[in-house]
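A.B. asks: Going by my numbering, 367 is the number at position 329 of the sequence shown; the sequence numbering is gapless.
Below is the structure I would like to discuss, written out as structure tokens.
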Amino acid sequence: MIRWIRQQLGFDPPHQSDTRTVYIANKFPQHGHYIPQRFADNRIISSKYTIWNFIPKNLFEQFRRIANFYFLIIFLVQLMIDTPTSPITSGLPLFFVITVTAIKQGYEDWLRHKADNEVNGAPVFVVRSGSLVQTRSKNIRVGDIVRVAKDETFPADLVLLSSDRAEGTCHITTTSLDGETNLKTHYSVPETAVSQSVSRLESLQAVVECQQPEADLYRFVGRITVTQQGEEIVRPLGPENLLLRGARLKNTKEIFGVAVYTGMESKMALNYKCKSQKRSAVEKSMNTFLIIYLGILLFEAILSTILKYAWQAENKWDEPFYNQKTDQERNSSQILKFISDFLAFLVLYNFIIPISLYVTVEMQKFLGSFFIGWDLDLYHEESDQKAQVNTSDLNEELGQVEYVFTDKTGTLTENEMQFRECSINGIKYQEINGKLIPEGMTEDSPDGAVPCLNKEEELFLKAVSLCHTVQISYDQVDGPGDPFSHANGFSPQMEYYASSPDEKALVEATKRMGVTFIGSHGEIMEIKTFGKAEKYKLLHVLEFDADRRRMSVILQKPSGEKVLFTKGAESAVLPYSTSGEIDKTRVHVDEFALKGLRTLVVACRHFSADEYQEVDRRLHEARTALQQREERLVEVFNFIEKDLELLGATGVEDKLQDKVQETIESLRLAGIKVWVLTGDKHETAVSVSLSCGHFHRTMNILELVKQKSDSECAEQLRRLARRIREDHVIQHGLVVDGASLSLALREHEKLFMEVCKNCSAVLCCRMAPLQKAKVVRLLKTSPEKPITLAIGDGANDVSMIQEAHVGIGIMGKEGRQAVRNSDYAIARFKFLAKLLLVHGHFYYIRIATLVQYFFYKNVCFITPQFLYQFFCLFSQQTLYDSVYLTLYNICFTSLPILVYSLFEQLVHPHVLQSKPALYRDISKNSLLSFKTFLYWTFLGFCHAFIFFFGSYTLMGEDTTLMGNGQMFGNWTFGTLVFTVMVITVTLKLALETHFWTWMNHFVTWGSIAFYFIFSLFYGGIIWPFLHTQDMYFIFVQLLSSGSAWFAIFIIVITCLFPDVIKKVFYRHLQPTSTQKSQFIEAYQGIGCVDSMCCFSEGQNACSRLGRLVERMMGRCDPARATRCDLSLSSLCCNHLSYKLEHDEPSALDE
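Next up, the structure:
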């Protein structure tokens, strides 16, 4: 327990040496001097708090907020010295704020703990004491032998020991790690591959030595020492032997592996960034405004203290006859008295800092976040998934995004490839209902029920169905059996697994067209051509590599003839082709690419017996060479893959998610730049960028790829910058690969950023997870400090999701790591548009107004207190009763602004989605600019002066306002000021409200009514638990005066009338885009018509619409009335569909 506590506190790291030694099955040496190494357990932790550190850590984070820390100081001052107000006035709101915030943050972290517990509690099987034992994932230790079955994810980083295959291989997908959907083959060493049973594994004597954990997914260096019959056999271990946590086992019944990296030391976890507290731009603005208000507070307190002593310089004011000083007061230190008075004034004016602002903001964020989950437009019916909010602190940040960084695989695409078109012997074909139909013909062409292929078509389909590394799995077969047992009448459960998604799509397409790949076993590959089985002998595979950009197979046909089938990129095959329809095929390939299809060109070469013998000899020599093997293989491959006969080309579509292109275009219109960061290949990434609209066809694509040195990279960047400067018209897109990015960021960061910012779209391919985070951080910390958003679906996206200001996880098909570590989670990329353009817009305008309004109403609240000191000799006499001081922010003015901040809509959601440019109106924190802040502050001071001097002028000196000649006292004066203030600030918010609901009406008028009822109740009864009751009968007396009612009415009108005039003039003379949209919305009646039509049967809803119809018909030319579609029946049943004519937008549009 002590060791665990020390590890949690960071005093006792689990390992110190550069390498780790793992004894398989934890069979440690028996000699006495061996000291076991310490390793992390297998728990994954994405939460921020534990039960032990929640209170101190949460309190520390909360008191980092200026307002909370300030009120803590004020509370302590009130406890220590004699102040004008009770400590409860500061302590109670502070306690309320801290408690509500802690509950909210604790609840959100509990959800993270819950998600972690699901992962850590997942059942796994390990070999212990000679048997297979089921345990939980978190209980796996380094050295345990773990069994993983088909389609399960690996619970830790495992070194493969054996599989159900005799050769000890297995196939995995790493989609959730690097975004690649292709099937990867991993190997075990021969000495452990034979240990396929628990008993043999238990008797295995082996030790793994490897490097300590590191984040690089593609690097692993180690060795395994196997002891057999007293002899030690040492084998090297590399990435092909390591099964990474988060990857999924495919096409293999089961494997056994030994855990080498566990928990937060696994490569997947090391690619997570440390979870840091994200703070929104609004919160940063709030802190800045609070510092300014703190300065105002200090200025008022110091000025009041100085003026007090200046006034008391005269003896008659220093010690009046009715307030004689004691000897102790006369002899006390002047400095201490000055400090004491300063602190007393500080406490008196402290309400200018609104502590309830924070709790209102917390409640608004927490309650407002439910709207995202409730939004049916963000619900995905197919997967039954709704949007979820993991962190509500960043709601308003959704309205400030300037850069979106998105993953490709699983985020923009569905992870599904579909065959679309092909070109055979210069003729274009399409697949229609599983048949190859030449372009321009229909399925009804006289082919008959059974398709009839000519020689060229059949050879092309055979080439496609044989030139690949696809493997087959039959779901109903549990053990190894005859791979051709399904040749006669094949099973519909047959599933293809391929090293690339294109290969899988092509083989599935040939199967639909009648040429079916049945399977391979050893050297034999079998296909069925319209029911006729054919067996080919696989002689050689010329593997794909990025430089050649093609792959080939050499086969022996049933007739004994040797043939080479090649497929690859257009630029890698066409130059080596000497026969076939080369020119026509090149044109077709270009047409496919323009449609956004991924293209492959297919060719063949027939060998004579002598030619094949030469090929076989040279291949054997190259593959067995000990020196320069790679160079010799490339040379031989080029010798073989020449003099090709061109067969045709294929066009495969990487199926995009629904409405991806529209979403990216909406984001672009909203002023948001989209960057695609993917681990996928260069060609694949560019193809998808073109098909999804990220890159336009007219865009000039610049490339920074395959850079080998710093100087080469710098020269290329300068060339790109020069091209961009010279051409101002064409839009530019930039493609960068991971290796070139590393060089660019090393010494040429500014030049790289200059190029990127001048490009409309940027695509980064072959990116490691931490490189993605580095790119996000690069933009985030640039001088402009733009707000960034990252969106992805896999564990490889977690780093950038955590790095960005806002992280969004896609609930994809592979894992939930991204969702667990994100701030928000949605089911599809298309939902991002509404999340930003609608929810982000609403959240931002609501909270921006909330913040400004809070400062305004607190200036209104405390400035009369400051002015009152000039009339009471700075005696620190309070203007308001202490109960009013406490309840002003908590009860009297809290609910209207909270309801406003939950429901306000400046523009209807449909308008926001149809006009993405409205998003620009709120960008760069425009509603919380310093100019806007000064306006609200100035308005608060103006209203406060009107409250105070308006009331003072009315009452004057020796003025009687009561019918019996009785005069008002200081408490009545303070209550009058307070009453005017409560009504004015509430009505001011009503003026700001655009979208009225029944709840807005209820809290607005209800707050004013509650104030009057409470004051009558509070001042109308003598409360036995109060020491003094200065307010007894004060409010009743005030309301019994007609002059007081007149004063209230005049002062409120004086305050608000200039606001109304200003709004009218600005709306008509300098309307914003949002206000223009509101005007159009008023024409179209969006939003109000639906609410007005919600009547039960028998009620005449149309009578309420009469005035609306007349008003709108008055604006329409009668000749256009038919186009206005303003019949009462349509108004009561449908949305209003008034369409503007070509001569009208000039007055309404931007």
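Beta carbons: idealized from backbone N, C-alpha and C, even for Gly.
As the structure is a computational prediction, the values presented were derived from the model and not from experiment.
#1: With a 10 Å radius around its C-beta and 16 neighbouring C-beta atoms as the bar for buried, classify LYS65 as buried or exposed.
#2: Pull up the distance between the alpha-carbon of PHE1 and that of SER1115, whole angstroms please.
#3: Looking only at its chain, what residues have a beta carbon closer than 6 Å to the beta carbon of GLY978, apart from the 5 residues adjacent to it on each side?
#4: Is it the case that the stretch 220–239 contacts the stretch 252–272, given that we only count it when at least three CB pairs across the two stretches are under 8 Å?
#5: For ILE900, which residues of its own chain have a beta-carbon under 6 Å away from its beta-carbon, when the five flanking residues on both sides are left out?
#6: Within 10 Å of its beta-carbon, does SER1167 have 16 or more other beta-carbons around it, so buried, or fewer, so exposed?
#7: Do you know whose CA, among LEU577, VAL611, LEU638 and LYS573, lies nearest ALA543's CA?
#8: Quick check: the Cα distance between ASN1138 and PHE1016, rounded to an integer number of angstroms?
#9: Between which two residues does the alpha helix (DSSP H) harbouring GLN951 extend?
#10: Quick one: complete alpha helix (DSSP H) runs, 4+ long, within the stretch 72–155?
#11: Return the bridge partner residues of ILE293 from the DSSP annotation.
#12: Using a Cβ-Cβ cutoff of less than 8 Å, which residues in the same chain neighbour ASN158 once the five nearest sequence positions on both sides are dropped?
#13: For VAL508 versus GLU477, is the C-beta spacing smaller than 8 Å?
#14: Quick one: using the 10 Å Cβ neighbour count with 16 as the cut-off for buried, is ARG784 buried or exposed?
#15: Determine contact between the stretch 1049–1059 and the stretch 960–971, defined as no fewer than three beta-carbon pairs at a distance below 8 Å.
#16: On the DSSP bridge assignment, give the partners of SER169 in chain order.
#17: If we ignore side chains and look at the alpha-carbon of each, how far apart do TYR918 and GLY1012 end up?
#18: Under 6 Å Cβ to Cβ from GLU303, same chain only, skipping five residues before and after it: list those, please.
#19: Taking VAL184 as the reference, give the member of LEU281, THR127, GLU270 and ARG102 with the closest Cα.
#20: With a threshold of 8 Å on Cβ separation, who are the neighbours of PHE733 within its own chain once the five nearest residues in sequence on each side are excluded?
#21: Use the C-beta contact count for ILE119: other C-beta atoms within 10 angstroms, 16 or more gives buried, fewer gives exposed.
#22: Which residues in the same chain have their Cβ closer than 8 Å to the Cβ of GLU292, if we skip the five residues on either side of it in sequence?
#23: Kindly indicate which residue of TYR441, ALA231 and ILE340 has the alpha-carbon position closest to the one of VAL197.
#24: Apart from the five residues just before and just after GLY411, which ones in its own chain have a Cβ nearer than 8 Å to its Cβ?
#25: Tell me whether the beta-carbon of THR1042 lies closer than 8 Å to the beta-carbon of PRO1109.
#26: In chain order, what residues of the same chain have a beta carbon less than 6 Å from the beta carbon of ALA871, not counting five sequence neighbours either side?
#27: Compute the beta-carbon to beta-carbon distance between ILE928 and PRO131, rounded to the nearest angstrom, for a pair I have assumed lies under 8 Å.
#28: Below 8 Å between beta carbons: does that hold for GLU205 and ILE825?
#29: Tell me whether ILE393 sits in a helix, a strand or coil according to DSSP, three-state version.
#30: For my contact list, LEU682 and PHE645 are in at a C-beta cut-off of 8 Å; report their separation, rounded to the angstrom.
#31: Please return the same chain residues whose Cβ sits closer than 8 Å to the Cβ of SER169, not counting the five positions on each side in sequence.
#32: Mind pulling the beta strand (DSSP E) runs of 3 or more residues that sit fully within the stretch 753–823?
#33: Please work out which residues of its chain come closer than 7 Å, Cβ to Cβ, to TYR614, disregarding the five sequence neighbours upstream and downstream, and give them in chain order.
#34: Assuming contact is defined by CB atoms lying nearer than 8 Å, are ARG588 and LYS600 in contact in what I supplied?
#35: Cβ atoms of PHE1087 and VAL1020: under 8 Å apart, would you say?
#36: Taking the alpha helix (DSSP H) that PRO934 falls in, what are its first and last residues?
C.D. replies: On the basis of the supplied data:
#1: exposed
#2: This structure cannot speak to residue 1, because the chain is shown only from 39 to 1188.
#3: TYR894, VAL897 and CYS898
#4: yes
#5: TYR387, PHE389 and ILE390
#6: Caution is warranted here: a pLDDT of 35 is assigned to SER1167, below 50, making its placement in the model unreliable, and no coordinate value can be reported.
#7: LEU638
#8: Since pLDDT at ASN1138 reaches only 40, below the 50 mark, its modelled position is unreliable, and no value is offered.
#9: 947–952
#10: 92–100 and 104–118
#11: VAL186 and SER201
#12: ASN80, ARG81, ILE82, ARG174, SER175 and LYS176
#13: no
#14: exposed
#15: no
#16: ARG166
#17: 5 Å
#18: ALA78 and PRO251
#19: LEU281
#20: VAL724, SER727, ILE739, GLY771, ALA799 and LEU801
#21: exposed
#22: ARG185, VAL186, ALA187, LYS188, SER201 and ASP202
#23: ALA231
#24: LYS424, ALA425, GLN426 and VAL427
#25: no
#26: THR701 and SER704
#27: 6 Å
#28: no
#29: helix
#30: Not quite, the Cβ-Cβ distance comes to about 12 Å (not below 8 Å), so this is no contact.
#31: VAL236
#32: 770–775 and 799–803
#33: GLU679, LYS680 and LEU682
#34: no
#35: no
#36: 932–941
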